[in-house]
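Q:
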Amino acid sequence: MQNTGTRNPATTPTHCPYCALQCGMNLTPVDGGTVEVSERADFPVNRGALCGKGRTAARVLAPGARLTSPLVRAADGTLVPAGWDEALDLIAQNLERTRAAYGADALGVFGGGGLTNEKAYALGKFARVVLGTSQIDYNGRFCMSSAAAAGTRAFGLDRGLPFPLEDIPRTGCVILVGSNPAETMPPSLRYFTELRENGGTLIVVDPRRTRTAEQADLHLAPRPGTDLALALGLLHLVVAEGRVDRAYVEERTSGWEEARAAAMAHWPEQVERITGVSVPELREAVRLFCAPEAAMVLTARGPEQQAKGTDTVGAWINLCLATGRAGRPLSGYGCLTGQGNGQGGREHGQKADQLPGYRKLTDPAARRHVAGVWGVDPDALPGPGRSAYELLDALGTDIRSLLVMGSNPVVSAPRAAHVEGRLRSLDFLAVCDVVLSETAELADVVLPVTQWAEETGTTTNLEGRVLLRRRAITPPAGVRGDLEVLHGLAGRLGVEKGFPVDPEEVFEELRRASAGGPADYSGIDYRRLARENGVFWPCPAPLADDDADDRTDAVPHPGTPRLFLDRFATDDGRARFAPVAHRPSAEEPDDAYPVLLTTGRVVAQYQSGAQTRRVAELNAAAPGPFVELHPRLAARLGAAEGDPLAVVSRRGRAVAPARITTAIRPDTVFMPFHWPGEGRANTLTNPALDPDSRMPEFKVCAVRVEVARQPSPHEVARQPSPHEVAR
Ligand code: SF4
Numbered sequence: 013m014q015n016t017g018t019r020n021p022a023t024t025p026t027h028c029p030y031c032a033l034q035c036g037m038n039l040t041p042v043d044g045g046t047v048e049v050s051e052r053a054d055f056p057v058n059r060g061a062l063c064g065k066g067r068t069a070a071r072v073l074a075p076g077a078r079l080t081s082p083l084v085r086a087a088d089g090t091l092v093p094a095g096w097d098e099a100l101d102l103i104a105q106n107l108e109r110t111r112a113a114y115g116a117d118a119l120g121v122f123g124g125g126g127l128t129n130e131k132a133y134a135l136g137k138f139a140r141v142v143l144g145t146s147q148i149d150y151n152g153r154f155c156m157s158s159a160a161a162a163g164t165r166a167f168g169l170d171r172g173l174p175f176p177l178e179d180i181p182r183t184g185c186v187i188l189v190g191s192n193p194a195e196t197m198p199p200s201l202r203y204f205t206e207l208r209e210n211g212g213t214l215i216v217v218d219p220r221r222t223r224t225a226e227q228a229d230l231h232l233a234p235r236p237g238t239d240l241a242l243a244l245g246l247l248h249l250v251v252a253e254g255r256v257d258r259a260y261v262e263e264r265t266s267g268w269e270e271a272r273a274a275a276m277a278h279w280p281e282q283v284e285r286i287t288g289v290s291v292p293e294l295r296e297a298v299r300l301f302c303a304p305e306a307a308m309v310l311t312a313r314g315p316e317q318q319a320k321g322t323d324t325v326g327a328w329i330n331l332c333l334a335t336g337r338a339g340r341p342l343s344g345y346g347c348l349t350g351q352g353n354g355q356g357g358r359e360h361g362q363k364a365d366q367l368p369g370y371r372k373l374t375d376p377a378a379r380r381h382v383a384g385v386w387g388v389d390p391d392a393l394p395g396p397g398r399s400a401y402e403l404l405d406a407l408g409t410d411i412r413s414l415l416v417m418g419s420n421p422v423v424s425a426p427r428a429a430h431v432e433g434r435l436r437s438l439d440f441l442a443v444c445d446v447v448l449s450e451t452a453e454l455a456d457v458v459l460p461v462t463q464w465a466e467e468t469g470t471t472t473n474l475e476g477r478v479l480l481r482r483r484a485i486t487p488p489a490g491v492r493g494d495l496e497v498l499h500g501l502a503g504r505l506g507v508e509k510g511f512p513v514d515p516e517e518v519f520e521e522l523r524r525a526s527a528g529g530p531a532d533y534s535g536i537d538y539r540r541l542a543r544e545n546g547v548f549w550p551c552p553a554p555l556a557d558d559d560a561d562d563r564t565d566a567v568p569h570p571g572t573p574r575l576f577l578d579r580f581a582t583d584d585g586r587a588r589f590a591p592v593a594h595r596p597s598a599e600e601p602d603d604a605y606p607v608l609l610t611t612g613r614v615v616a617q618y619q620s621g622a623q624t625r626r627v628a629e630l631n632a633a634a635p636g637p638f639v640e641l642h643p644r645l646a647a648r649l650g651a652a653e654g655d656p657l658a659v660v661s662r663r664g665r666a667v668a669p670a671r672i673t674t675a676i677r678p679d680t681v682f683m684p685f686h687w688p689g690e691g692r693a694n695t696l697t698n699p700a701l702d703p704d705s706r707m708p709e710f711k712v713c714a715v716r717v718e719v720a721r722q723p724s725p726h727e728v729a730r731q732p733s734p735h736e737v738a739r
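For the sequence shown, our numbering begins at 13 and goes up steadily by one.
As structure tokens, this is what we get:
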């Protein structure tokens, strides 16, 4: 593919810019100014395999696909090219003006789970030290925050996977809940294939018979929003069948009696009625899960993106704890994080309630430590701010100016038309992005920033493995790094020091800020990352002779691939059961909106599609949104394959062609969420928030579905009655 700028002469080993697998890849400059992505077999996570997104990632480096000049809003309303000084001055002046008129909390900052650790760290510091605002959060709140909240509640620590992926093929059974790695991270599928080749079993829980579910030994297809009840029903059977590991529960957990009582209130027959999963299927799942010595439960967005997501994940963790399948070799609960730096992005301070090192902003000791590293008064640090959706909902009212870095909420936020309206109502919007995303199109100033191949930085993959992404090519003239943006803005806002542009310098500070915290990176440095294929946190810096500054003779900490084997990270070392009970989704079907909508991804697009929709090969494979529905529902609607369907919720209307398949329940439709415009799935989704994680309920809402044209008399005549459609 074409690129501009000078290039390093040699092949550069680095990592994919997209999902949390962070596949290793090589970038090689070739004659004619092209860059090729090729296999990098030495990285153990993907062993050379790449999906189509990774293979084509370099397409977005092309000048035609990406921004190469700052843009400012002209008097006629159009975005026009501008110089960097003009653009940065404009941002700084507007932020200053807003702060003077309304106070610091009228300034908002919205980050992204794709930002490197260095950028996420610097962005959080910029918000709190330079702007003095508490109003910072990021799109990772939409991704895995319920799993983070449940993991912290149960284990005292949230790391997506507490073990490396390489453990999966060696366990006995995996329950994969609301996860479709065949579409979201295809190279990871081999771990599950190898599990089955080794004699293990795979259970997939998903309302759709996905490509992942097709490979399972057992597929459970609950009604969307009922997997909490499903987990409780399984735990009920574990108890009733005498499969509780009593010695483990006694020795390593607390809160069992309350959790047991809650589960025993969920009879299998009742769970069958709620979920649609039959009692024999429940019994078979329990048999498969409990038979081997070791087993795992892995969740993803399905159970997490619900207004009861934390409790839902908690119920699955309870199943692991009751059967002694956590904190033991080849056993445990894990979350398959989605975004490229979804793990690291939630550890270093761009989340509304956190300081670097996964510290709590409300913890006085944490505030003192981080303020010391930053050279500021701890009392000057703002407190926790609004969560992502709440922040977006406050735009134009409490929050008057917003800086967005690496996020496209116009497509990715729930109730997206409302969010788009809030963005339009701002006094001032600045967006840093690689491309002119739908959010950038609304901005007063757009800053074109570097991409993964053009910058060095670290990410932390879904295993908690800290990785080094290396710069392979020089960015085109007119493009700058996000760290340069923050440096330039900080200086203009009166903070001359503390915002270096060198990522290694930022990482060195991050190490000190994280030292002693739950996510301790202090024993990791760039040289080590360049030598090793990643280092698992926590990795504290070793101390020699009790002297923190004398580390020369100390043995480096090896990192921690496997957590909790000796004790959990709670105060008493015990894992905590969650006493959870089933409750309905925030929005259940009714006469006006009788069908359930669930949303998700397709293999050829990534998140809001801002980058992947600019790649011809990916667009050819996945050109636009669709509405997946069962033939019985299609018949009731009089819809044929490809017919435009209007999906209407209480928040808006989206139109996309019908895709008819028996792989989905008749009471449910599915839409992928990667596209803007008429087919934008998030126009429909419900922003009801989980009370703990503040995660919106993307995965279930009530809709009505109509053919977006007048049906012919013949179609009207052949519509079956509603009872024919019932499952
Ligand atoms: Fe990139 Fe994820 Fe595909 Fe790997 S699976 S190549 S990390 S998008």
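Even for Gly, the Cβ is constructed at its ideal location relative to N, Cα and C.
With 16 as the cutoff for other CB atoms within 10 Å, does Lys509 come out buried or exposed?
A: Looking up residue 509 in the sequence shown gives position 497. Exposed.
Q: Can you check whether the C-beta of Tyr133 is within less than 8 Å of a C-beta belonging to chain C?
A: No chain C appears in the structure shown, which is made up of a single protein chain.
Q: Name the two residues that bound the continuous beta strand (DSSP E) containing Leu310.
A: Taking the first residue of the sequence shown as position 1, residue 310 is located at position 298. Element bounds for Leu310: Met308 to Thr311.
Q: Run through DSSP, which three-state label would Ala442 get?
A: Here residue 442 refers to the residue found at position 430 of the sequence shown. Reduced to three states, the DSSP call for Ala442 is strand.
Q: Roughly how many angstroms separate the alpha carbons of Cys551 and Ala647, rounded to a whole number?
A: In the sequence shown, the residue the question calls residue 551 occupies position 539. In the sequence shown, the residue the question calls residue 647 occupies position 635. If I take the Cα positions, the gap works out to 57 Å.
Q: For Val142, I'd like the list of residues in its chain whose CB is within less than 6 Å of its CB, leaving aside the five on either flank, ordered along the chain.
A: Against the sequence shown, residue 142 aligns to sequence position 130. So the qualifying residues of the chain are Ala502, Leu505 and Val507.
Q: What number of angstroms, rounded off, separates the C-alpha of Trp268 from the C-alpha of Glu305?
A: Within the sequence shown, residue 268 is the residue found at index 256, counting from 1. Within the sequence shown, residue 305 is the residue found at index 293, counting from 1. Their backbone Cα atoms lie some 21 Å apart in a straight line.
Q: Helix, strand or coil for Tyr133? Go by DSSP, reduced to three states.
A: Here residue 133 is taken as the residue at index 121 of the sequence shown, counted from 1. DSSP places Tyr133 in helix when its eight states are reduced to three.
Q: According to DSSP, is Pro236 part of a helix, a strand, or is it coil?
A: Here the question's residue 236 lines up with position 224 in the sequence shown. Coil.
Q: Let's see if you can read the secondary structure: which residues bound the alpha helix (DSSP H) around His27?
A: On the sequence shown, residue 27 is found 15 positions in, with the first residue counted as 1. Run containing His27: none in the alpha helix (DSSP H); it sits in the beta strand (DSSP E), Thr24 to His27.
Q: Does Glu51 come out as helix, strand or coil in the three-state DSSP assignment?
A: As a working note, residue 51 is residue 39 in the sequence shown. Three-state result, Glu51: strand.
Q: Sorry if obvious, but does the Cβ on Pro176 come closer than 7 Å to a heavy atom of ligand 1?
A: Sequence index remark: in the sequence shown, residue 176 carries index 164 (1-based). Not so, every heavy atom of ligand 1 lies at least 7 Å from the Cβ.
Q: If you reduce the DSSP assignment to three classes, tell me which class Val92 lands in.
A: If you number the sequence shown from 1, residue 92 lands on position 80. Strand at Val92.
Q: How is Pro2 classed by DSSP in three states: helix, strand or coil?
A: Residue 2 lies beyond the residue range present for the chain, which begins at 13 and ends at 739; the question has no answer from this structure.
Q: Could you check if Pro635 is buried or exposed, using at least 16 other CB atoms within 10 Å of its CB as the buried criterion?
A: In the sequence shown, the residue the question calls residue 635 occupies position 623. It is exposed - the Cβ of Pro635 has fewer than 16 other Cβ atoms within 10 Å.
Q: By the three-class DSSP mapping on this structure, what secondary structure does Asp557 have?
A: The residue you call residue 557 lines up with position 545 of the sequence shown. Because the pLDDT of Asp557 is 48, which lies under 50, any placement of that residue in the model is unreliable, and the number read from its coordinates should be weighed accordingly. Three-state DSSP puts Asp557 in coil, outside helix and strand.
Q: To the nearest angstrom, how far is the alpha carbon of Thr80 from that of Thr462?
A: As a first step, residue 80 must be located in the sequence shown, where it is residue number 68. As a first step, residue 462 must be located in the sequence shown, where it is residue number 450. Spanning the two alpha carbons is a distance of roughly 9 Å.
Q: Inspect the CB distances between the region 438–445 and the region 147–164 and report whether three or more fall short of 8 Å.
A: Because the criterion of three Cβ pairs below 8 Å is not met, the region 438–445 and the region 147–164 do not touch.
Q: Check whether the Cβ atoms of Ala243 and Ala593 lie closer than 8 Å to each other.
A: Your numbering for residue 243 matches position 231 in the sequence shown. Your numbering for residue 593 matches position 581 in the sequence shown. Contact flag unset, no.
Q: What three-state label does DSSP hand Phe638 in the structure shown?
A: Position 626 of the sequence shown holds residue 638. Coil at Phe638, not helix or strand.
Q: Between the alpha carbons of Arg747 and Ala194, how many angstroms are there, rounded?
A: This structure cannot settle anything about residue 747, because the visible part of the chain is limited to 13 through 739.
Q: Using only alpha-carbon positions, find the residue among Gly123, Leu404 and Val283 that is nearest to Leu249.
A: Along the sequence shown, one-based indexing puts residue 249 at 237. Here the closest residue by C-alpha is Val283.
Q: Any heavy atom of ligand 1 inside 7 Å of the beta-carbon of Cys347?
A: For the purposes of this step, residue 347 is taken as the residue at position 335 of the sequence shown. Outside the cutoff, so no.
Q: Leaving out the 5 sequence neighbours to the left and right, which residues in its chain are closer than 6 Å to Gly144 when beta-carbon positions are compared?
A: What you label residue 144 is simply residue 132 of the sequence shown in a count that begins at 1. Excluding residues within five positions, the ones whose Cβ falls inside 6 Å are Ala116.
Q: Can you tell me where the beta strand (DSSP E) with Met156 in it begins and where it stops?
A: Here residue 156 refers to the residue found at position 144 when the sequence shown is read from its first residue. Segment: none, Met156 is in no beta strand (DSSP E) and carries neither H nor E.
Q: Over the uninterrupted beta strand (DSSP E) stretch that includes Ala668, give me the two end residues.
A: For this step, residue 668 is matched to residue 656 along the sequence shown. Ala668 -> beta strand (DSSP E) spans Gly664 to Ile672.
Q: In this structure, how does DSSP classify Tyr370 when only helix, strand and coil are distinguished?
A: Stepping through the sequence shown from its first residue, residue 370 is reached at position 358. Three-state result, Tyr370: coil.
Q: Rounded to whole angstroms, what's the CA-CA distance from Ser534 to Glu359? Just pull it up for me.
A: By one-based count along the sequence shown, residue 534 stands at place 522. By one-based count along the sequence shown, residue 359 stands at place 347. Approximately 13 Å, taken between the alpha carbons.
Q: Got a sec, what are the start and stop residues for the beta strand (DSSP E) Val715 sits in?
A: As a first step, residue 715 is located in the sequence shown; it is residue number 703 there, counting from the start. Residues Cys713 to Val719.
Q: Which whole-angstrom value describes the C-beta separation of Arg412 and Asp439, a residue pair presumed to lie in contact below a C-beta threshold of 8 Å?
A: Counting from one through the sequence shown, the residue named residue 412 turns up at place 400. Counting from one through the sequence shown, the residue named residue 439 turns up at place 427. Confirmed, Cβ separation roughly 4 Å.
Q: Mind listing, in chain order, the residues whose beta carbon lies closer than 6 Å to a non-hydrogen atom of ligand 1?
A: That gives Cys28, Tyr30, Cys31, Leu33, Gln34, Cys35, Asn58, Leu62, Cys63, Lys65, Gly66, Met197, Pro198 and Pro199.
Q: Leaving out five residues before and five after Glu296 in sequence, what residues of the same chain have Cβ atoms less than 7 Å from its Cβ?
A: Position 284 of the sequence shown, counted from the start, is the residue given in the question as residue 296. Excluding positions up to five away in sequence, the list reads Leu230.
Q: Would you tell me roughly how many angstroms separate the C-alpha atoms of Leu657 and Ala670, rounded to the nearest one?
A: The sequence position of residue 657 within the sequence shown is 645, counting from 1. The sequence position of residue 670 within the sequence shown is 658, counting from 1. Near 6 Å, if we compare the C-alpha coordinates of Ala670 and Leu657.
Q: Just the C-alpha distance for Ala720 and Val660, rounded to the nearest angstrom, thanks.
A: Position 708 of the sequence shown, counting from 1, holds the residue named residue 720. Position 648 of the sequence shown, counting from 1, holds the residue named residue 660. Their backbone Cα atoms lie some 11 Å apart in a straight line.
Q: Give the secondary structure of Gly190 by DSSP, where H, G and I count as helix, E and B as strand, and everything else as coil.
A: To locate residue 190, count along the sequence shown from 1; it is residue 178. Correct three-state label for Gly190: coil.
Q: Among Arg483, Val457, Ser449 and Arg235, which residue has its Cα nearest to the Cα of Trp464?
A: Indexing the sequence shown from 1 puts residue 464 at position 452. Comparing Cα positions, the closest option is Arg483.
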